[in-house]
Structures are given as structure tokens and as C-alpha cells.
Amino acid sequence: MAVFRSKAATAGEAKVAGERSLLLGIGISAIGIGMFIPFSLVFFHHVTGLSLTLVGLVMTVTGLAGLAFMPLAGSAVDRFGAKKVNLVLYGIRALGFALYPFASSLPAFAAVALVTALADRSFGVVQQSLIGEVARGAARDRLQASTRALQNAGMGAGALLVSGVLALWGTGGFTYTAWGNSLAFALAGLLVSRVRAVGTTGAVGTTGAVGAAATGSAGYRMVLRDRPFLGLTAANFLTALGYSALSVLFPLYLSTWLAAPDSLTGAAFTVNTVLCAGIGVLIAGRVRRSGARRTRSAALGALLFAAAFVGQIVLGTLRPGQTVTLVALLVIVVVYTLGELVHSPSGGALSVSAAPEAVRGRYLATYQLSYSLAGALAPSLFTALLAVDGRLPWAVLTVAALGAALALVRLERHLPAEAVHAEPPAVAAAAVTAGSGAAPERRPAAVA
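Each residue of the sequence shown is one higher than the last, beginning at 2 in our numbering.
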């Protein structure tokens, strides 16, 4: 676990109270998620005894209901605090998976699946809000990177674990897996309960003129009036389409356009997972210690995405032999993964820090919709473009990534300094001038 704590003291970052417990809880819950996501349809089919058709229908309906619930989760965070809501969601997920083996009828399965889906879909919003609640400055970037690395490592471990369980007990092992998930979420909740929030700092993180009203009566109308944050959300939607490429577009492109073996898809996922888990914290730490603005780091990640997508266009045009294709695809996946590792921590910390504390839950619920909408749109968009030309979806993704990078750079002067910089400029200037005796230059928090 020390690997994921990333030398906070060396970098001069504030230590987060209960950080070890938080990260351990995230890792354990990721193992639980990894135990059922790769086999979700089959998992619920065997656990409940219902047909695959019914299971798929229930999962679709409850998933959409979960998306509709996200704004309410954001409001709950603002009212009760991210930690309390986080613990409630862990409890709901633990109870849901404990009950799945007993939900053999359609109404029972639908009821349990609905409540669990509401918790699952809202969890990302609440976890991002929790990071904003317990950390400040560069510590947020560090937690973002550590969280992503642990999620990748945990999900990979969970997939391996469930494979072993099924090898030992056959399909009956799915019941044990459900109870294992329940235990994992319960343990994660107990660990996260030890985390303590840092003191609030008033209007830190507010964007533009709307920030002045952050501590007053505010709701989603405040979010909709905050044009810089909406621009940030729109830019993230463009990047989020790229995040969907590996799981949705890549397998189809390999089989239909390149006529490559399906085994390459598994190899690509393995490379991506190993790199995210193995060097994610290292890459994020290098970016963070470089002093780069979060907007510039996130833009660099988007540019790396664009480079990987251009590589796919070139590969799809040349269509070389199998060996060259294999090497080229692996290089492209490495570049793509580097883009993910550079963009994710900076983009996540940017959104958390740009949200006013008093309404952070609502802001992040809005921001998280960019990922959800991109994930919902990606399958139909990619398949439609692929039917025209195998290179067309990569061209669209390239334009989207370049647009996101440009938007991030243009938005930085409209966002607060506390969001753009991991360490506020005034603090950095004070540190530089402390040795020379010169007075630090004062800078405005934001430019409207």
C-alpha cells in the first residue's frame, strides 16, 4: 500500500488523515467489482436463476434509473457530506449482493438490482466528492492517481479470483462470489469510516462570479449558470468518448477492419491494466512534481489520446502484415494508456477543485454525466461510423481529443487558481521568495 501513497512528504504535500484506510477500502471494493463485472450477465443469470434475456432487460432499466438518480446523489452529498453518503452507498451495495442469491423471482431481482444500481451509478460522484472533502491541493492529484491505480489492480485481481472460484466450484461459485462482494463492500465501508475531512475554506474552488453565492441557497441552477464549469464538463465529454474506445471500438475495429485475431483484444486490455496499476502513480507523480497546470496536464493527456487515434488511422490505411500489426497495436495501446494516466488524475482533481465546496456534490454529479453520456453514446456512434469506414470513428475521436485539449487551455484563465494549479501561485511564490527576502507577488484567484 505504501507504493500508492506516493512519497507525500517528499513532494511537500499535506498528509491526508486516514489515507491508508481510504486507499485500502478502495482496493478491496475494486476486487469485489472485478469479481462480477466481466461476467455480469452470466453472474446474475446463475445467481438468480432467471433467463439471460430478463437479466439483461432488468440491468438496462435499472442502469438508466441509476443515471437519473445521480443528481439526487449530488444533492445528498451537499446536504449530508460525502463521507456519510459514501458509507450509505457501501452499505446498500453490501446488502444488495448479500440478497442477490435469494432474489430468484423477477420482482425480487428487479427490486434488489434497482437499489444496487442506484448506489453503483452514484458511487463515482460521491467518491470524487470525498476526495475533495478529505484532501487539498496536490494531495487531491495524488489520491486521484492512487485511486485509479488501485481500481485497476483490484479489478484485475477480482477477475482472477472469480476465475479460480469458478474453476473450483463451477457455476455454483457465483453464489459465493456474490457473498464475497458483499463482504468486500462491508469491509471497504468500515475502512472509509476512519477517514476524516479537512476543514472547509469558504469559497475555495468557486468559479467566476457565481462563486460568491456558494455558501448561500444554491442548487443545480447555480451549476447551469457557471459557464466555465459547464465548458470543463463539455471538454471532458469529448475526452470521455476516447475512454470508451478501448472497450467498445477497439475489439470491433480489430475483427472487422484489420481482420486481426480476437486474442489481441485481450492482450491490449492486459497491457492497459498492467500499466495503469503498475506505473499510474509514478506517471502522475512526475506530472504533479513538474508544476504543470492541471489544465495543461489534462490537455497533454488528450493530445496523447489523439496521437494514439491517428496511429489507428495510419495502421488502418496501411494494413501491414500480422507481426507489424501486433507491434503497432501494442505501441498504440501504450501511448493511449499514457494519455489516460496523464489526463485522469489532473482532470479529476481539476473538476473537484473547480467546484464550490457548498455545492460540490451537485457540480460533480453534473461533471460525471459527461462520462455516463459518453459511455451510453459510444456503442451506437462507433458502430455507425465503423459501418461507413473503419478509420472514420478514429478520425472523429481525434478531432474530439484535439477539441478537448484546446478547450482546456482556453478555459484555464476562467477557472480559479486553486483549480488550475495543484499548489496556488501565491503559495509557490512565497516559497520561492522566502530565501531571497523579497515579498511575494499577489495574484487574483481567477479571471472572470
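All residues carry an ideal CB built from backbone N, CA and C; glycine is no exception.
Fair warning: this is a prediction, and the values are worked out from it, not measured in the lab.
- Three or more beta-carbon pairs separated by less than 8 Å link the region 286-305 to the region 401-413, which places the two stretches in contact.
- In this chain, the alpha helix (DSSP H) harbouring Asp121 covers Leu107 to Val135.
- Counting C-beta atoms within 10 angstroms of its own C-beta, Lys84 has 16 or more neighbours from the protein chains shown and is therefore classed as buried.
- Distance between Ala396 and Ser256, taken at the CA atoms: about 18 Å.
- Per DSSP, reduced to three states, the secondary structure at Ala104 is coil, with no helix or strand assignment.
- Gly312 sits in a helix when the DSSP states are folded into three classes.
- Taking a C-beta distance under 7 Å as the contact criterion, Phe186 and Tyr91 qualify as a contact pair.
- Straight-line spacing of the CA atoms in Ala179 and Ala99 works out to 6 Å.
- Between the region 397-406 and the region 266-281, the count of Cβ pairs shorter than 8 Å is below three; the stretches do not touch.
- Around Val86, the same chain offers Ala77, Val78 and Val127 as residues with beta carbons nearer than 6 Å, after the five sequence neighbours per side are excluded.
- In this structure, the straight-line span from the alpha carbon of Arg226 to that of Val360 is close to 13 Å.
- Residue burial annotation: Val325 is exposed, with fewer than 16 other C-beta atoms found within 10 angstroms of its C-beta.
- In terms of Cα proximity to Gln369, the closest of Gly404, Gly312, Phe238 and Leu319 is Phe238.
- Cβ neighbours of Ala95 within its own chain (closer than 6 Å, five residues either side excluded): Ser183, Phe186 and Ala187.
- Of all C-beta pairs linking the region 100-114 to the region 39-56, three or more are shorter than 8 Å, placing the two stretches in contact.
- Trp180 carries a helical assignment under DSSP once its states are collapsed to helix, strand and coil.
- When DSSP states are grouped into helix, strand and coil, Lys84 belongs to the helix group.
- Proximity of the region 122-139 to the region 367-385 meets the contact definition, three or more beta-carbon pairs being nearer than 8 Å.
- Listed in chain order, the non-local C-beta contacts of Gly26 below 6 Å within the same chain comprise Ala189, Leu192 and Val193, local neighbours out to five positions each way being set aside.
- Per the Cβ contact rule, the region 229-246 is in contact with the region 336-356 (3 or more Cβ pairs under 8 Å).
- Its chain contains Val353 and Arg361 as the residues whose beta carbon lies nearer than 6 Å to that of Gly133, once the 5 sequence neighbours on both sides are disregarded; these appear in chain order.
- Excluding sequence positions up to five before and after Leu374, its CB lies within less than 7 Å of the CB of Phe238, all in the same chain and listed in chain order.
- About 31 Å separates the CB atoms of Ala379 and Pro417; that is not less than 8 Å, and the two are not in contact.
- Between Gly391 and Gly317, the beta carbon gap of about 5 Å places them in contact (Cβ cut-off 8 Å).
- The C-alpha of Gly19 lies about 39 Å from the C-alpha of Gly404.
- Note on Gly220: under 16 other CB atoms within 10 angstroms of its CB, so exposed under the neighbour-count rule.
- By the CB criterion at 7 Å, Leu351 and Ala420 fall inside the cutoff.
- Its Cα nearest to that of Val332, the residue Leu305 stands out among Leu119, Leu305, Ser164 and Phe103.
- Per DSSP, the unbroken alpha helix (DSSP H) holding Ile27 starts and ends at Glu20 to Gly35.
- Cβ atoms of Gly57 and Leu42 come within 8 Å of each other, at about 6 Å.
- Here the C-alpha atom of Ala66 lies approximately 13 Å from the C-alpha atom of Ala377.
- Here DSSP, grouped into helix, strand and coil, assigns Glu419 to helix.
- The beta carbon of Thr176 lies closer than 7 Å to those of Val48 and Pro102 in the same chain, with the five residues before and after it left out.
- Counting along the chain, Arg141 sits inside the alpha helix (DSSP H) bounded by residues Ala139 to Trp170.
- If the five residues before and after Phe383 are omitted, its C-beta is found closer than 6 Å to the C-beta atoms of Val249, Leu250 and Pro394, all from its own chain and listed in chain order.
- Each of Thr148, Phe44 and Leu386 was checked against the Cα of Gly174, and the nearest Cα belongs to Phe44.
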